[in-house]
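K.L.:
Under this note's numbering, the sequence shown has 268 at position 268, and the numbering climbs by one with no breaks.
Before I ask anything, let me first share the structure, which is written out below as structure tokens.
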Amino acid sequence: MARDITLSVIKADVGGWVGHSAMHPDLEAAAREVLEGARARGLLIDYHVTHCGDDLELIMTHDRGVESPDVHGTAWEAFEKATEVARQLKLYGAGQDLLSDAFSGNVKGMGPGVAEMAFVERKSEAVIVFMGDKTSPGAWNLPLFKIFADPFNTAGLVISPTLHEGFRFEVHDVLKHKRITLSCPEEMYDLLMFLGAPARFNIKAVYSKATGEIAAVSSTERLSLMAGRYVGKDDPVCVVRCQSQFPAVGEVLEPFAFPHIVEGWMRGSHHGPLMPVSAREARPSRFDGPPRVVALGFQLADGRLIGPVDMFDDPSFDEARRQANLIAEYLRRHGPFEPHRLPLEEMEYTTMPELMGRLAERMEEMDGQRAAPSATVRQDEEMEVD
Ligand code: F6R
Ligand code: MG
Ligand code: MG
């Protein structure tokens with residue numbers, strides 16, 4: 001019997017083991033206990049607790065719809081309980097995404113990241129939950145575009161009547177707090193103009209044009225903004241429905257065979273390749289990285305999570321991992337130079353304001369030359385859309 005199901009993925013970094021690299025099993029155990037209680041009293045249908053790097057990931061099913069205060073409250077309680085354990089073990093940055101008292105040098109973490117969707121469960125409902133660490137929600141732009149709009153990735157867009165009509169993309173401007181929905185294939189070039197700037201424009205959701213149904217959702221709304229600029233690159237999650245009127249599992253995973261360059265890595269301030277790994281290998285250690293993505297697949301059965309299958313635990317992604325290591329090595333050799341290091345305006349940590357203040361006295365006007373506005377400033381002015 002078809003049934004309305006909500007799939008909620010809520011995540012937070014409440015303490016790393018060791019440093020920002022991995023998750024202590026006792027934190028997962030604490031979270032599991034809370035979610036088991038919620039299942040026993042009928043709030044949750046099912047749940048799976050896992051991690052990607054230092055992020056605690058709660059995958060939950062229920063019938064309360066998106067943004068349910070009860071479900072969110074349960075997730076919060078799980079993070080609080082895990083934080084208590086993290087404090088006992090003096091893990092790094094304990095409670096950092098829940099208003100930390102152990103300063104981790106990072107202003108981010110206004111709260112947990114959330115990706116939720118409600119739908120009528122199909123006769124057979126295959127979903128994949130993607131989880132990233134040491135990266136930012138813009139990391140999903142390229143793969144989501146390829147999955148739902150690129151016929152060289154998704155054969156079904158050409159040869160399957162149920163996909164041929166295309167998909168609609170809801171894009172958020174995370175700086176200006178605006179959103180726009182664009183339809184593919186006909187508005188593909190307009191869409192790419194936005195998606196190519198993943199630091200500012202993120203895909204929030206994707207919808208099937210044939211049925212209007214939701215196909216994918218990601219966590220973008222928690223990006224912290226302060227004084228009109230980014231503070232923090234929340235490690236993102238994304239849920240994609242697969243098969244039948246949606247792309248096949250293999251089409252959904254295919255973009256990750258290309259380890260594209262994303263923002264994040266050390267101090268959230270570097271470009272690096274997104275390496276697809278098994279859950280076991282999501283333990284970023286080299287230069288706090290390189291950035292990772294894990295994909296867990298489930299079949300839903302009246303809301304029960306049948307799984308997970310660890311989708312990147314497959315030798316066919318070995319080459320992507322090898323390429324990611326080559327790219328990582330190449331970028332690392334740039335040290336503190338762009339494009340390995342992010343441009344100034346996108347860096348989480350920067351000593352630049354302090355440095356400019358300290359050296360202000362020594363910064364001389366150059367005779368006979370007035371400073372021309374930089375190309376970047378001119379471009380920003382032209383991009384004003386309000
Ligand atoms: C990146 C990340 C780490 C930390 C780095 C320094 O997202 O979390 O790379 O930025 O380990 O951490 P602090 O400043 O806490 O010593
Ligand atoms: Mg951390
Ligand atoms: Mg993290």
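Note that beta-carbon positions come from the ideal geometry of N, C-alpha and C, so glycine has one too.
Give me the pocket residues for ligand 3, defined as CB within less than 7 Å of any heavy atom, sorted by chain position.
P.N.:
Those residues are Asp13, His20, Gly53, Asp54, Asp55, Asp133, Lys134 and Asp235, given in chain order.
K.L.:
Take the Cβ of Phe146 as the centre, count every other Cβ of all protein chains shown within 10 Å, and call the residue buried at 16 or more, exposed below.
P.N.:
Note on identity: in this sequence residue 146 is Lys, with Phe being the wrong assignment. Flag for Lys146 reads buried.
K.L.:
By how many angstroms is the C-alpha of Trp140 removed from the C-alpha of Leu182?
P.N.:
Each residue's Cα considered, the two are about 16 Å apart.
K.L.:
Out of Gly53, Ala118 and Glu365, point me to the one whose CA is closest to Asp63's CA.
P.N.:
Ranking the options by Cα distance to Asp63, first place goes to Ala118.
K.L.:
Go through its chain and collect everything with a Cβ distance to Phe79's Cβ below 6 Å, but skip five positions before and after it.
P.N.:
The residues are Ala12, Val14 and Leu98.
K.L.:
How many whole angstroms separate the CB atoms of Gly272 and Leu331, which I take to be in contact at a CB cut-off of 8 Å?
P.N.:
With a Cβ gap of about 6 Å, Gly272 and Leu331 count as contacting.
K.L.:
Give a yes or no on whether the C-beta atoms belonging to Pro185 and Ala155 are separated by under 9 Å.
P.N.:
Cβ distance not < 9 Å, so Pro185 and Ala155 don't count as in contact.
K.L.:
Looking at Ile214: is its Cβ nearer than 9 Å to the Cβ of Arg241?
P.N.:
Yes, the Cβ-Cβ distance between Ile214 and Arg241 is below 9 Å.
K.L.:
According to the neighbour-count rule (16 or more other Cβ atoms, all chains shown, within 10 Å of its Cβ), is Met366 buried or exposed?
P.N.:
With fewer than 16 Cβ atoms within 10 Å of its Cβ, Met366 is classed as exposed.
K.L.:
So what does DSSP say about Leu43, is it helix, strand or coil?
P.N.:
The answer is coil: DSSP assigns Leu43 none of H, G, I, E or B.
K.L.:
Would you mind working out which of His20, Arg3 and Ile5 sits nearest Gly268, comparing C-alpha positions?
P.N.:
When each option's Cα is compared against that of Gly268, the closest is His20.
K.L.:
For a minimum of 3 consecutive residues, which ranges assigned as the beta strand (DSSP E) are wholly contained in the stretch 103-170?
P.N.:
If we require 3 residues or more, the beta strand (DSSP E) runs fully inside the stretch 103-170 come out as 113-120 and 125-133.
K.L.:
Can you give the Cα-Cα distance for Pro339 and Arg179, rounded to whole angstroms?
P.N.:
Distance between the alpha carbons of Pro339 and Arg179: 28 Å.
K.L.:
May I have the straight-line CA-CA distance separating Val120 from Ser285, to the nearest angstrom?
P.N.:
If you take the alpha carbons of Val120 and Ser285, they lie about 40 Å apart.
K.L.:
Is it buried or exposed, Glu116, if we count other Cβ atoms within 10 angstroms and call 16 or more buried?
P.N.:
Under this definition Glu116 is a buried residue.
K.L.:
At the level of alpha carbons, what is the spacing between Val252 and Asp314?
P.N.:
C-alpha separation (whole angstroms): 15 Å.
K.L.:
So what does DSSP say about Thr50, is it helix, strand or coil?
P.N.:
In this structure, Thr50 counts as strand in the three-state DSSP scheme.
K.L.:
With DSSP run on the structure shown, which of helix, strand or coil describes Gly37?
P.N.:
If DSSP states are grouped into helix, strand and coil, Gly37 belongs with the helices.
K.L.:
Excluding the 5 residues flanking Glu254 on each side, which residues of the same chain have their C-beta closer than 6 Å to its C-beta?
P.N.:
Taken in chain order, the residues that qualify are Asn153.
K.L.:
Buried or exposed: Leu326, going by 16 or more other Cβ atoms within 10 Å of its Cβ?
P.N.:
Looking at its Cβ environment, which holds fewer than 16 other Cβ atoms inside 10 Å, Leu326 is exposed.
K.L.:
Taking 8 Å as the cut-off, is the CB of Arg267 close to at least one heavy atom of ligand 1?
P.N.:
For ligand 1, at least one heavy atom lies less than 8 Å from the Cβ of Arg267.
K.L.:
Buried or exposed for Ala205, going by 16 or more other Cβ atoms inside 10 Å?
P.N.:
Flag for Ala205 reads buried.
K.L.:
Cα separation between Gly307 and Thr74?
P.N.:
Roughly 22 Å between the two C-alpha positions.
K.L.:
For Gly311, which residues in the same chain have their Cβ closer than 8 Å to its Cβ, ignoring the five residues on either side in sequence?
P.N.:
The sequence shown places Met at residue 311, not Gly. Here the set comprises Ile128, Val249, Leu253, Ala295, Leu296 and Gly297.
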